[in-house]
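S.K.:
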Amino acid sequence: MLFSDNKMDCHRCHGCGLCVMVCPVWHQRSDVRCTPNGYARVMQCGVEPDIRDVFSCIMCGACSSICPQQIDLLDVFSSLRKQMIHNEDLQETKARLMDSLKQHASTTANARSRNDSGRMLLAGKALRDRPEIMDRVIELLGVQCADDDGTDIVHALEMGVAIPESRQRVFLDSLKKADELIVSDGLMKHALQQWLPAMRIQSTGQALTTLPQVREKIGNDDLYVIESRSYNTDFEQAVDFYDQLQRQQGCQLNLDLHRLAIPTGGVSQDARGHDHEFDSQKQAEWVVTGRKIKRIIVESLEDGIQLSGLNHYPVIHVSELVMAV
Amino acid sequence: MDIPPIEIGELPEDPVAPDALQGIPRQQTNPSRWQGENWQSFIDALKTGNVEVCEDYGSRGIYVTDAGGLAHGMPNGVVIARNAEQIATLMRLAQKFRVPVTTRGGGLTTEGESVAFGGVLLDMTGMSQVVHIDTDALTVRTEAGIYWHRLAEVLRRQEMDYLSAPLNLTSSVGGTLGVGGIDVNSSKYGCSADQAVSLQVVTPTGEIVECSDEQNAELFERVILGYGQFGIITEATLKIRPYTPMRMHYFYYRSLRSAIHDLIEIDRNDVCDYSGILTMMDKAITLLVGFDTEEAEKCFLDSWRQRLSGYGELGFAVRLSAYYVLHPWRIGEALFLLQRKRTLFPDLQPKHHMRDGAILDRTVVFSRAVWKHWGHKHMVIPDLATNVDKFADAVERGNAVCKRFFPRYTLYCVGIKMRPEHKPHYELSSIPPDAQDYSYGCEFEPILENEHYSRDYLQSFKNAVYDIGVDMGTSYYRFGGMMKSYIRRALGNEVVDKHLSMKQQADPAMILNRDVIF
Chain C
1 MLFSDNKMDC HRCHGCGLCV MVCPVWHQRS DVRCTPNGYA RVMQCGVEPD
51 IRDVFSCIMC GACSSICPQQ IDLLDVFSSL RKQMIHNEDL QETKARLMDS
101 LKQHASTTAN ARSRNDSGRM LLAGKALRDR PEIMDRVIEL LGVQCADDDG
151 TDIVHALEMG VAIPESRQRV FLDSLKKADE LIVSDGLMKH ALQQWLPAMR
201 IQSTGQALTT LPQVREKIGN DDLYVIESRS YNTDFEQAVD FYDQLQRQQG
251 CQLNLDLHRL AIPTGGVSQD ARGHDHEFDS QKQAEWVVTG RKIKRIIVES
301 LEDGIQLSGL NHYPVIHVSE LVMAV
Chain F
1001 MDIPPIEIGE LPEDPVAPDA LQGIPRQQTN PSRWQGENWQ SFIDALKTGN
1051 VEVCEDYGSR GIYVTDAGGL AHGMPNGVVI ARNAEQIATL MRLAQKFRVP
1101 VTTRGGGLTT EGESVAFGGV LLDMTGMSQV VHIDTDALTV RTEAGIYWHR
1151 LAEVLRRQEM DYLSAPLNLT SSVGGTLGVG GIDVNSSKYG CSADQAVSLQ
1201 VVTPTGEIVE CSDEQNAELF ERVILGYGQF GIITEATLKI RPYTPMRMHY
1251 FYYRSLRSAI HDLIEIDRND VCDYSGILTM MDKAITLLVG FDTEEAEKCF
1301 LDSWRQRLSG YGELGFAVRL SAYYVLHPWR IGEALFLLQR KRTLFPDLQP
1351 KHHMRDGAIL DRTVVFSRAV WKHWGHKHMV IPDLATNVDK FADAVERGNA
1401 VCKRFFPRYT LYCVGIKMRP EHKPHYELSS IPPDAQDYSY GCEFEPILEN
1451 EHYSRDYLQS FKNAVYDIGV DMGTSYYRFG GMMKSYIRRA LGNEVVDKHL
1501 SMKQQADPAM ILNRDVIF
């Protein structure tokens, strides 16, 4: 569970180093101290890891997926951050996020109904900032759009700020009437899968790519960029789905040799603002390096921003594959 | 290089552990363990030279042990490698102040070879960038601290692959070039160390030198398979090839000797691109045979399949079942094999890594399977490396040792094609001195799972395997650290002392990776 005190799980780590292989922060910094392997070893010595190293993680979820000991490393990071957020260097960030949580807690969530399908979209900030794309997504999927998509909760999860029970209750109550949740943010999806275990939950990207009219538009000149958090935290299910997509449509995917999704890091930037040290542009460059493609299709608009910044290839959101419905 | 002769003499008995290695005189060939002398002066000098040293407990604790999990030691400080100039400064000052420096890549040693017992731990993985890929010359220039996995990722973007690397991708290029590196295609391409075309090396006295078979050849000869004794590899140029998926077949045996015979035959006749033996105890013995092309696969199946004495999966299952019907008291073992097959085989051919019957990224698949099914905080993997003639005997003797110590274990056997012109490189290494054309190695790995074994028990098991090497005159892949006394016993004082003399010339203060070999 997120926010459980399970840092002791690190004592199950026997240092295989597979998490280091897939860590995007490692690839930029080449410093084992900012990897799960490093944290585990430090904690096994009875010492807390350095706060800067703990907060350097971009929560892409790749390490959790690959760990042969099945340690929920995303959960471990959350626990560590929860303890470290009280550090004076993080008080401004903590205060900002707590204010946001309080503000949302006092609001009653009202679903803006467009139909009675019972499928609800948690759009996330990036999609809400692009209403024309959000409207297309809603139309294609035939969903209601939740006014309260928990963006403040996602940022709090990322930074280790404790979510007040009242806020969590309001948020989850607003979702319980749905038959299915379509979630744009992978960290939110991961959290909801634990908070609402009986609920059918899908990522926005996967929901859209299931639609034949979207799928048939993906071709072998395309790099299809999967939203990494949704994919990596649900690897067993997602890997087969996207493998099928690749086989059928011939597109390239932003997967590494382990078949884990390579993030750009863009989605992590929103939560941190200026504190973010990870070079998302450099990471985006790595995503496209060596690819023989003509177009990039993204599931996440945050990834789209980073990839557009390269000015190498045209970048579109997956919903834009199908023009006005 | 002018190698002065040394007199082999009697040294006083070492007072430490006087009953160790009964009948074998202890020989103190290196300075006594460093006790911290000059540390602060050394640190001050490093700061002046802009070399950052991490002395906090947490940073040092990361490196407290290696994959073997039996040797524990703390460095006084950690330096993350960033460039050759930084390392050169470190080594010059380490020589001056006589402070030991232990280098570490992926930390996949099992005998404490990459554990620092005081001094500096130099983490080479800080240098992990690919410098240049030449798809015409089929070479890659890379910083040597790079993991093989990362190198594979970068090469794949240009549809390239390395030739041969350890099955375990969490090892580093530089570390592997120093110890050998075996892969299931080593019987075709040789060990990983033989893929190196040229190296940039920082010597123990802090010179930055480019070396190859044509340039500074003596240094190249010593550093390749040199166990980090004669220099620190900072960059390497390696051979590469176009990437191909692998087509794999398995043949099953009831007899180790039969499987080994067939392995040697297919290697000698160069009829496949990948080969090896993997066993569950000595009951389910699997010969792996792989191909880069459909043509090679078809040729093998048409002309070589019938010459192998191994069975297909169904035929073997029938025979194995009959065995356990006749030996019902071994039902626990049968159930274990069945359970193991059910959990392991899907991980060896996961759907998302398969296309048209070929495995994509087989090293990633195998590496993950190794850690999932054999991973443990104690990686206990003693081995024997022999010439062709001794191999079957060595494996059978090692198998007997495994049976004595553990109910469940795995053997992994692979051949290495030797490069005749690299014979000088092979001196004092995992390539046995009496091997011609091919050498063969077998790793003996207990399946520890959730059982608790004491350090003494695990070390006794390893020693029992290494003792076979002394008796048979073999070598070892695990070479140094806690088992370094076996090197003298197996390979002889003459060659060890010859290399010790060279080491003393190259590293006057004897500070680079001390206590690993000498």
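Chains as they are written, first to last, in my numbering: chain C, 1 to 325; chain F, 1001 to 1518.
The C-beta atom is built at its ideal place from N, Cα and C for all residues, glycine as well.
Check whether chain C comes within 8 angstroms of tyrosine 1189 (chain F), counting only Cβ atoms and requiring the distance to be less than that.
M.R.: No - not a single Cβ of chain C is within 8 angstroms of the one on tyrosine 1189 (chain F).
S.K.: Can you tell me which of F:Glu1221, F:Thr1203, F:His1327, F:Val1209 puts its alpha carbon nearest to the alpha carbon of aspartate 1194 (chain F)?
M.R.: Of F:Glu1221, F:Thr1203, F:His1327, F:Val1209, the residue nearest in Cα terms is F:Glu1221.
S.K.: If you compare alpha carbons, which of C:Asp9, C:Asp152, C:Ile66 is closest to methionine 43 (chain C)?
M.R.: Here the closest residue by C-alpha is C:Asp9.
S.K.: Check each candidate in F:Asp1267, F:Leu1177, F:Leu1256 and name the one with the smallest Cα separation from leucine 1199 (chain F).
M.R.: Comparing Cα positions, the closest option is F:Leu1177.
S.K.: With 16 as the cutoff for other CB atoms within 10 Å, does proline 1204 (chain F) come out buried or exposed?
M.R.: Buried, because 16 or more other Cβ atoms sit within 10 Å of the Cβ of proline 1204 (chain F).
S.K.: Would you mind working out which of F:Asp1282, F:Ile1266, F:Tyr1162 sits nearest alanine 1519 (chain F), comparing C-alpha positions?
M.R.: With chain F running from 1001 to 1518 in the structure shown, residue 1519 (chain F) is simply not present.
S.K.: Please classify asparagine 1526 (chain F) as buried or exposed, where buried requires at least 16 neighbouring CB atoms within 10 angstroms.
M.R.: What the structure shows of chain F is the stretch from 1001 to 1518, and residue 1526 (chain F) is not part of that stretch, so it cannot be assessed.
S.K.: Below 8 angstroms between beta carbons: does that hold for tyrosine 1252 (chain F) and glycine 1310 (chain F)?
M.R.: A contact, by the Cβ cut-off of 8 angstroms.
S.K.: Verify the CB distance criterion: does glycine 205 (chain C) have a CB-CB separation below 8 angstroms to chain F?
M.R.: Closer than 8 angstroms: no.
S.K.: Would you mind reading off the limits of the alpha helix (DSSP H) that contains arginine 1397 (chain F)?
M.R.: Where arginine 1397 (chain F) is concerned, the enclosing alpha helix (DSSP H) stretches over 1388 to 1405.
S.K.: Please confirm if isoleucine 1122 (chain F) has its CB atom under 8 angstroms from at least one CB of chain C.
M.R.: The sequence shown places leucine at residue 1122 (chain F), rather than the isoleucine named in the question. No, its Cβ sits nowhere closer than 8 angstroms to a Cβ of chain C.
S.K.: Do glutamate 180 (chain C) and glycine 118 (chain C) come within 8 angstroms of each other at the CB atom, strictly closer than that value?
M.R.: Against a cut-off of 8 angstroms, the Cβ pair of glutamate 180 (chain C) and glycine 118 (chain C) comes out as a contact.
S.K.: Looking at chain F, which residues of the stretch 275 to 292 of chain C have a Cβ within less than 8 angstroms of any of its Cβ atoms?
M.R.: Going along the stretch 275 to 292 of chain C in chain order, one finds Thr289, Gly290, Arg291 with a Cβ nearer than 8 angstroms to chain F.
S.K.: Check the C-beta distance from serine 346 (chain C) over to leucine 80 (chain C) and give it rounded, since I have them as a contact under 8 angstroms.
M.R.: As shown, chain C starts at 1 and ends at 325. That puts residue 346 (chain C) outside it, with no answer to give.
S.K.: What residues in the stretch 1050 to 1061 of chain F bring their beta carbon closer than 9 angstroms to a beta carbon of chain C?
M.R.: Answer in chain order: Cys1054, Asp1056, Tyr1057, Gly1058, Ser1059, Arg1060, Gly1061.
S.K.: So if I threshold CB-CB distances at 8 angstroms, which residues from the stretch 9 to 20 of chain C count as touching chain F?
M.R.: Result list: His14, Gly15, Cys16, Gly17, Leu18, Val20.
S.K.: Here's the rule I'm using: 16 or more other beta-carbon atoms within 10 Å means buried, otherwise exposed. How should alanine 207 (chain C) be labelled?
M.R.: The residue in question, alanine 207 (chain C), is buried, as its Cβ has 16 or more Cβ neighbours within 10 Å.
S.K.: Glycine 1180 (chain F) and serine 1192 (chain F) look like a contact to me (Cβ under 8 angstroms); what is the Cβ gap, rounded to whole Å?
M.R.: The pair is a contact, with the Cβ atoms about 7 angstroms apart (cut-off 8 angstroms).
S.K.: Do you know offhand how far histidine 86 (chain C)'s Cα is from lysine 94 (chain C)'s?
M.R.: The straight-line gap from Cα to Cα measures roughly 8 angstroms.
S.K.: Distance, Cα to Cα, threonine 954 (chain F) vs valine 1271 (chain F)?
M.R.: Residue 954 (chain F) lies beyond the stretch modelled for chain F, which goes from 1001 to 1518, so this question has no answer here.
S.K.: Count the other CB atoms within 10 Å of the CB of histidine 1527 (chain F); is the residue buried (16 or more) or exposed (fewer)?
M.R.: In the structure as shown, chain F starts at 1001 and stops at 1518, and residue 1527 (chain F) therefore has no counterpart that could be examined.
S.K.: So, do the stretch 40 to 60 of chain C and the stretch 1056 to 1074 of chain F have three or more beta carbon pairs nearer to each other than 8 angstroms?
M.R.: At 8 angstroms Cβ cutoff, the stretches touch.
S.K.: What residues in its chain sit with their C-beta under 8 angstroms from that of phenylalanine 1405 (chain F), if we drop five residues either side in the sequence?
M.R.: Cβ within range, chain order: Pro1446, Tyr1457, Ser1460, Phe1461, Ala1464.
S.K.: List, from N- to C-terminal side, the alpha helix (DSSP H) runs of 4 residues or more that fit wholly inside the stretch 6 to 76 of chain C.
M.R.: With a minimum length of 4 residues, the continuous alpha helix (DSSP H) runs that stay inside the stretch 6 to 76 of chain C are 18 to 21, 24 to 29, 36 to 44, 51 to 54, 62 to 66.
S.K.: Based on DSSP bridge pairs, tell me the residues matched to histidine 1072 (chain F).
M.R.: F:Thr1065.
S.K.: Which class does threonine 1109 (chain F) belong to by DSSP, given the choice of helix, strand or coil?
M.R.: If DSSP states are grouped into helix, strand and coil, threonine 1109 (chain F) belongs with coil.
S.K.: Tell me, please, whether the CB atom of glycine 142 (chain C) is closer than 8 angstroms to any CB atom in chain F?
M.R.: Not an interface residue.
S.K.: May I have the straight-line CA-CA distance separating glutamate 1037 (chain F) from glutamate 1113 (chain F), to the nearest angstrom?
M.R.: Their backbone Cα atoms lie some 22 angstroms apart in a straight line.
S.K.: Does the beta-carbon of aspartate 50 (chain C) have 16 or more other beta-carbons within 10 angstroms, so that it is buried, or is it exposed?
M.R.: It is buried - the Cβ of aspartate 50 (chain C) has at least 16 other Cβ atoms within 10 Å.
S.K.: Taking the runs of the alpha helix (DSSP H) that are 4 residues or longer, which of them lie wholly in the stretch 1451 to 1488 of chain F?
M.R.: You should have 1455 to 1472.
S.K.: Rounded C-beta distance between proline 263 (chain C) and glutamine 283 (chain C)? I'm assuming under 8 angstroms.
M.R.: That pair is a contact at about 7 angstroms.
S.K.: Please report how far the alpha carbon of glycine 1231 (chain F) lies from the alpha carbon of valine 1202 (chain F), in whole angstroms.
M.R.: Each residue's Cα considered, the two are about 5 angstroms apart.
S.K.: For leucine 257 (chain C), would you say it is in contact with chain A, using Cβ-to-Cβ distances shorter than 8 angstroms as the test?
M.R.: In the structure shown, chain A cannot be found, because the protein chains are C and F.
S.K.: Short of 7 angstroms in beta carbon distance, which residues of its chain neighbour glycine 1481 (chain F), apart from the five on each side in sequence? Order them along the chain.
M.R.: Hits under 7 angstroms: Ala1071, Thr1109, Glu1111, Gly1112, Glu1113, Val1516.
S.K.: Just checking my contact of isoleucine 226 (chain C) with glycine 205 (chain C) at CB under 8 angstroms: how many whole Å lie between their CB atoms?
M.R.: 6 angstroms between Cβ atoms; contact.
S.K.: Given a cut-off of 8 angstroms, decide if isoleucine 316 (chain C) and isoleucine 297 (chain C) are closer than it, judged by their beta-carbon atoms.
M.R.: Cβ distance < 8 angstroms, so isoleucine 297 (chain C) and isoleucine 316 (chain C) count as in contact.
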